[in-house]
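Colleague: Before we start, here is the structure in question, set down as structure tokens.
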Amino acid sequence: MALESPALRAVILGCALLSSSCSDTSEPPRPPPPVEPWDGTYTPLVDPTDWVDRGEYAPCAFTPPPGTVVDCDDPSLFDLSKCDTASLATLEPHGIYQVDMRHASGLADFAGIRVPADGGTATMNSLPTMRSAPVTRQQLQGGFRFSAQYPFRNTVRNLVFAGCGVTGPGLVTGCFARCTDGKVATSGTFEAARMTWARGESESSGGLRLLSETHVQTVRPVDVYVHRGHAYVVSIDDPLTQAPGGLAVVDVRDPSHPVITKRITLPGDSYWNAAWAKDDALYVASKSSGVIVFDITDPAAPTFVRSVPGRGPIDVHTMFVEGSRLYAVSPGPAPTGETLVFDISAPLEPVLLNRFTAADTTSMFPSAHDSFAYQDRLYVNHFSAGYVVYDVKDPLSPQELGHYTFESDNSYATSHASAVGTFAGKTVAFEGGEYQGAHLRVLDVTDPTNIQLMGRYKLRPQTSIHNMILRGKRLYIAYYQEGLRVLDVSVPPQPREVAYFNTFRESDLHRGDDLLEGAIGIRVPGDGHVYVVDTSRGLLVFNEL
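Here the sequence shown is numbered in the working numbering, starting from 1278 and rising by one per residue.
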């Protein structure tokens, strides 16, 4: 072909115009945008609430009717004639059990029982006191018979359990009765689950590795915040001995070899439930004095600055920081509690801007508990009042946009914690409850006036979620006795477990009978590690997936 030919000139001109396809020195073509694994569609689900009534757990009965004067601790009052009591001989003589109780009326209840391996006295923990009491009768192997006596509001109560049979690995069913001042108050059936690793699981799966374990030597550690290479672990007072909680500072710059640098308590102020940090300020949620501010210019050695709002005692349970605002959630005053908004433009000098409450004051326990701020909205977990969404663009005039409730007539379903993100253009909330039957809900909160349930994730009905962190398409959950759970939530309606680490062991030091035992606090700060607080084991550091 001649160089002057029209055809060649056309090719040269085309290369000039489309250099990306003809020039050896052009940039490579841009890759196509990533394909979202989810297109935003889902089928709305009907919410079954937290505790689902499965009917009577066992074919037994406590024979005296309510109001009868009896010795509640008399074993002959239980009719076990239809039970497979011989199967109870297969039980080990020790263990920790969480007990799902169903009253004859259909109401839900729960208790915890711990029988120590050394043959010592067992303890029982139950509503309404949520305090451990030594049992007055104990027989695990061959009977699963326990009774405990405790005071409540100027009365004396007795709670008695009698096993009916073993229905599966670590599962016992039977009957119970509760008496008040020598009269039968209520009775029903129960299913008790031993808090060993469930579903045939090993200690870990999915590549999670425990890099270090630090017993922080505070009474009951509950939360952690990681900032500038240091983990700030807070603890609450011991519910039995009232030994004070406090703050432990842990240098985690080498996550495999953490070093405790300081411990802090304040006289008469030591029930510290949550921590957060911004710049040179550390914030601690106090049951007595609101938000305690520490100066962490030296991150290894916090120094006390002040407590806010500083107008008398106030119980702050949790906090969330977004930008220049700190949201502090208080479970009191009754009945709803309140959310406090602080300006922290000067982090060491928080300024109270506002405080507000939810509209619901009629549900069983509508107290504010936790919050999550995202895109000018604040999502507040209001226990039995549900999950409440506010517009907080103007902190001086927050507007309640909508709420999601799931309380039923026979249980006390509670909204407890959440994390919020954007998936396929939709605003998606991952919400978790607390107490029996509680589990993870995946909610479409794009329209707060019409919140829809689109997915769920649930483990044993006797266990409960405490906290969670959303990082990208991974949801990290502190799931009490179920340990650390990692979910792939790239398709939100179908959360999929990809890894776990069972932190709960019956043999752990100070392990108790409480429903709220095990993995409780969690942070994933983006440094390649996951920080978990376990109520007995302290600070556990894992690799991030």
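C-beta atoms are modelled at their ideal positions from N, C-alpha and C, and glycine is treated no differently.
#1: Within its chain, find whatever has a CB closer than 7 angstroms to the CB of V1433; leave out the 5 residues flanking it on each side and keep chain order.
#2: Spatial neighbours of F1700 within its chain, please: CB distance less than 7 angstroms, with the 5 preceding and 5 following residues excluded, ordered by chain position.
#3: Whose C-alpha, out of T1463, F1429 and D1361, is nearest the C-alpha of F1421?
#4: Do you know how far the Cα of L1488 is from the Cα of T1580?
#5: Less than 8 angstroms between the beta carbons of T1691 and G1679, yes or no?
#6: Tell me the DSSP secondary structure of S1692 in three-state form.
#7: I'd like to check one pair, H1594 with A1823: are the Cβ atoms closer than 8 angstroms?
#8: Would Y1651 and Y1664 qualify as a contact pair, given that the criterion is a beta-carbon distance under 8 angstroms?
#9: When we look at the beta-carbon of R1331 and count the other beta-carbons within 10 Å, is it buried (16 or more) or exposed?
#10: Do A1439 and G1451 have their CB atoms nearer than 8 angstroms?
#11: Thinking just about the alpha-carbon of each residue, which of A1454, L1793 and T1780 is nearest to the one in L1816?
#12: Please report how far the alpha carbon of T1326 lies from the alpha carbon of G1445, in whole angstroms.
#13: Please report how far the alpha carbon of S1566 lies from the alpha carbon of G1589, in whole angstroms.
#14: Can you give me the start and stop residues for the beta strand (DSSP E) that E1468 sits inside?
#15: Please confirm if the segment 1751-1758 is in contact with the segment 1336-1353, defined as three or more CB-CB distances below 8 angstroms between the two stretches.
#16: Count Cβ pairs between the segment 1539-1549 and the segment 1499-1515 that sit closer than 8 angstroms; are there 3 or more?
#17: Roughly how many angstroms lie between the CA atoms of C1292 and G1317, to the nearest whole one?
#18: Is D1386 buried or exposed, if buried means 16 or more other CB atoms sit within 10 Å of its CB?
#19: If you draw a straight line from the alpha carbon of V1392 to that of V1376, how long is it in whole angstroms?
#20: Are at least three pairs of beta-carbons, each pair with one atom in the segment 1475-1483 and one in the segment 1801-1810, less than 8 angstroms apart?
#21: In three-state DSSP terms, what is L1384?
#22: In three-state terms, what does DSSP make of S1353?
#23: From the DSSP output, in three-state form, read off A1366 for me.
#24: May I ask you to list the residues that DSSP assigns as paired with T1326?
#25: According to the neighbour-count rule (16 or more other Cβ atoms, all chains shown, within 10 Å of its Cβ), is S1674 buried or exposed?
#26: Which residues mark the beginning and the end of the beta strand (DSSP E) in which Y1753 is found?
#27: Can you give the Cα-Cα distance for L1365 and Y1604, rounded to whole angstroms?
#28: State buried or exposed for P1608, treating a residue as buried only when at least 16 other CB atoms are found within 10 Å of its CB.
#29: Return the CA-CA distance between A1399 and P1411, expressed in angstroms with no decimal places.
#30: Taking the alpha-carbon positions, what's the K1460 to G1344 distance?
#31: Thinking S1648 and S1622 are a contact (beta carbons under 8 angstroms), I'd like their distance in whole angstroms, please.
#32: Between R1773, E1774, V1722 and V1618, which lies nearest to S1695 when the distance is taken from Cα to Cα?
#33: Taking only three categories from DSSP, how would you classify T1726?
#34: A1558 and L1625: beta carbons closer than 8 angstroms?
#35: Spatial neighbours of L1793 within its chain, please: CB distance less than 6 angstroms, with the 5 preceding and 5 following residues excluded, ordered by chain position.
#36: On a CA-only basis, which of Q1494, L1730, V1775 and A1381 is nearest L1786? Give me that one, please.
Modeller: Considering the structure as presented:
#1: Q1426 and D1458
#2: W1315 and P1769
#3: D1361
#4: 29 angstroms
#5: no
#6: strand
#7: Only positions 1278 to 1822 of the chain appear in this structure, which leaves residue 1823 out of reach.
#8: no
#9: exposed
#10: yes
#11: T1780
#12: 25 angstroms
#13: 7 angstroms
#14: K1460 to R1471
#15: no
#16: yes
#17: With a pLDDT of only 40 at C1292, under 50, the local geometry of the prediction cannot be trusted, and the value read off the model is given with reservation. Distance between the alpha carbons of C1292 and G1317: 42 angstroms.
#18: buried
#19: 13 angstroms
#20: no
#21: coil
#22: helix
#23: helix
#24: For T1326, which the question treats as bridged, DSSP gives no partner whatsoever.
#25: exposed
#26: R1751 to A1755
#27: 50 angstroms
#28: buried
#29: 6 angstroms
#30: 5 angstroms
#31: That pair is no contact at about 20 angstroms.
#32: V1722
#33: helix
#34: yes
#35: none
#36: Q1494
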